[in-house]
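Participant:
In the UniProt record's numbering, the protein residues as written are 1 to 478.
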């Protein structure tokens, strides 16, 4: 070993200079863009409405209207000061290819949205915001952690301009969304048949009838079950104090269920009113809403599955509802799983047009094979409406009694396949095949109670088709 000292280290590393990564956050001196001054007021709209109602009731019962006026003035002053303070800490900055969103007074928050992974920017106008000409932007990022970024509230024209700017930075052309007009009767968006409208605009009459027919079975069931219980108990014990107990124990819950079902039907009607869907390049443009309006963008290249729902009272009219799943939605947690309604209600031709637009060459009518006869006792009412099939483009499963649903999972979007077998299934020679969509928690296609040998063969065929379809897909779903 040589006793000579080691040569000194070089002053700088040898080789090409490595560029220093740009900071992820903008410098302190960068001016933040502010939200609209009415934002805190609109975000606490429900609380303020409830507080005003409580104060009004208290003033009416106590006949002390002057006290209520003082309370209202004090609340307005305190709320205004709190709003001004909150606005000083809220805002956003576009820095490079990132959107930085700031918020919080006592607990500061800073969220970074990488715009190169931007999937869609939806324009939403709740009715309380429409009263002041405001809108909010819902920003969805592919592979997100389950919480969409939100910018609320901005002037409607500013929201449109910001949406176009974000999409331009992300390399996605902005979809043609018309600037919201002051006249609410005027159309809120461009789509017409020449601009790529997939189906005619959904009429109020059809939507109202569909919402009513969908809610009717649940309402009839509630009233029939609990009404019968009340009548039987009343005839046995007499319509006295016992009947009153039966009313409180049976009919009151039935009335609550009836009201909930009615409210759900009304909400569906309001949410999907003036529904339009158009195709613009690689995006589906969806516009909907009577009170709260929204403009949604669904990238076709990120659709992971399509479902076709057929409530029992729609079947005579051949109506169906179409929903699409996207990759970013599928990567949310199980409690936050949601899908986008691509068609609230439509006939065979309309359903076929929307299905083909969401997944090219995907049919809307499927022939599925039922489970074997020995599995019928496990689902006596649903057996005839349960099945599975491997079509040319997708793995299709069928399930449901009151709402019969077909789920179509394109082979290129299948991430994994597994076969499960419970103890009772093993005794009967049955098994279940589960195909999971890319990143999908809760978005699975499940073929239940198949013959065990058939299930193993089906799973192997699914894996082969999924691998072949994914290898041919360009671009790949990231």
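Think of the CB as a built atom: it goes at the ideal place given N, C-alpha and C, for glycine as much as any other residue.
Taking residue 217 as the reference, which of 261, 294 and 236 has the closest Cα?
Facilitator: When each option's Cα is compared against that of residue 217, the closest is 261.
Participant: Mind checking which residues open and close the beta strand (DSSP E) that includes residue 415?
Facilitator: First-last of the beta strand (DSSP E) with residue 415: 414-420.
Participant: At the level of alpha carbons, what is the spacing between residue 467 and residue 393?
Facilitator: Spanning the two alpha carbons is a distance of roughly 13 Å.
Participant: Closest by CA to residue 206, which one among 86, 319, 54 and 355?
Facilitator: Per the Cα distances, 319.
Participant: For residue 81 and residue 117, I'd like the C-alpha separation in whole angstroms.
Facilitator: Using only the alpha carbons, I get a separation of about 38 Å.
Participant: Buried or exposed for residue 459, going by 16 or more other Cβ atoms inside 10 Å?
Facilitator: Answer is buried; the Cβ neighbour count reaches 16.
Participant: Would residue 289 count as contacting chain D if we go by Cβ distances under 8 Å?
Facilitator: Considering every chain present, this structure includes no chain D. It has just one protein chain.
Participant: So is residue 348 buried or exposed if we call it buried at 16+ other beta carbons inside 10 Å?
Facilitator: So residue 348 counts as exposed.
Participant: If you check the beta carbons only, do residue 345 and residue 321 fall under 8 Å apart?
Facilitator: Yes, the Cβ-Cβ distance between residue 345 and residue 321 is below 8 Å.
Participant: Using 8 Å as the threshold, is the segment 86-103 in touch with the segment 120-128, meaning 3 or more CB pairs across them?
Facilitator: No, because fewer than three Cβ pairs between the segment 86-103 and the segment 120-128 fall closer than 8 Å, the two stretches do not touch.
Participant: Which residue wins for smallest C-alpha separation from residue 487, given the options 408, 461 and 452?
Facilitator: Lying before the first or after the last residue shown, residue 487 is absent from the chain, which here runs from 1 to 478.
Participant: Near residue 416, which residues of its chain fall below 8 Å by C-beta distance, leaving aside the five closest residues on each side in sequence?
Facilitator: Within the same chain, residue 416 has close Cβ partners 435 and 436.
Participant: How far does the beta strand (DSSP E) with residue 289 in it reach, from first residue to last?
Facilitator: Taken as a continuous stretch (DSSP letters only), residue 289 belongs to no beta strand (DSSP E), as it is neither H nor E.
Participant: Quick check on the DSSP output: the alpha helix (DSSP H) that includes residue 76 runs from which residue to which?
Facilitator: 65-88 is the extent of the alpha helix (DSSP H) around residue 76.
Participant: Would residue 223 and residue 132 be called neighbours here (beta carbons separated by less than 8 Å)?
Facilitator: No, these two residues do not count as a Cβ contact at 8 Å.
Participant: Let's test the definition: count the other Cβ atoms within 10 Å of the Cβ of residue 96 and tell me whether it reaches 16, buried, or not, exposed.
Facilitator: Counting Cβ neighbours within 10 Å, residue 96 comes out exposed, since fewer than 16 surround it.
Participant: Would you report the Cα separation of residue 367 and residue 232, rounded to the nearest angstrom?
Facilitator: Residue 367 and residue 232: Cα-Cα distance of roughly 45 Å.
Participant: How close, in whole Å, do the beta carbons of residue 141 and residue 113 come, if the pair is a contact with beta carbons under 8 Å?
Facilitator: With a Cβ gap of about 6 Å, residue 141 and residue 113 count as contacting.
Participant: Can you tell me the Cβ-Cβ gap for residue 413 and residue 432, rounded? I've got them flagged as a contact below 8 Å.
Facilitator: Actually they are not in contact, since the Cβ atoms of residue 413 and residue 432 sit about 20 Å apart, beyond 8 Å.
Participant: Hey, quick one: how far does the beta strand (DSSP E) through residue 280 stretch, first residue to last?
Facilitator: Counting along the chain, the beta strand (DSSP E) containing residue 280 begins and ends at 276-280.
Participant: Just reading off the alpha helix (DSSP H) that residue 361 is part of, what are its end residues?
Facilitator: Element bounds for residue 361: n/a, residue is neither H nor E.
Participant: Hey, residue 166 and residue 197 are a contact pair by Cβ (cut 8 Å); roughly how many whole angstroms apart?
Facilitator: About 25 Å separates the two Cβ atoms, so there is no contact after all.
Participant: Drop a sphere of 10 angstroms on the beta-carbon of residue 275, count the other beta-carbons inside from all chains shown, and report buried for 16 or more, exposed for fewer.
Facilitator: Answer is buried; the Cβ neighbour count reaches 16.
Participant: Once the 5 residues before and after residue 154 are set aside, which same chain residues still bring their CB inside 8 Å of it?
Facilitator: So the list reads 35, 36, 134, 135, 136, 137 and 162, once near-sequence residues are dropped.
Participant: Count the other CB atoms, across all protein chains shown, that sit within 10 Å of the CB of residue 106; report buried if there are 16 or more and exposed otherwise.
Facilitator: That one is exposed.
Participant: Looking at residue 298: is its Cβ nearer than 8 Å to the Cβ of residue 284?
Facilitator: Going by C-beta atoms, residue 298 is nearer than 8 Å to residue 284.
Participant: Per DSSP, what kind of secondary structure is residue 383 in: helix, strand or coil?
Facilitator: Residue 383: helix per DSSP, three-state reduction.
Participant: CA-CA distance, residue 387 and residue 350?
Facilitator: When rounded, the distance between both Cα atoms is 24 Å.
Participant: For residue 357 and residue 300, I'd like the C-alpha separation in whole angstroms.
Facilitator: Roughly 8 Å separates the two Cα atoms.
Participant: What number of angstroms, rounded off, separates the C-alpha of residue 287 from the C-alpha of residue 457?
Facilitator: Rounded to the nearest angstrom, the two C-alpha atoms are 43 Å apart.
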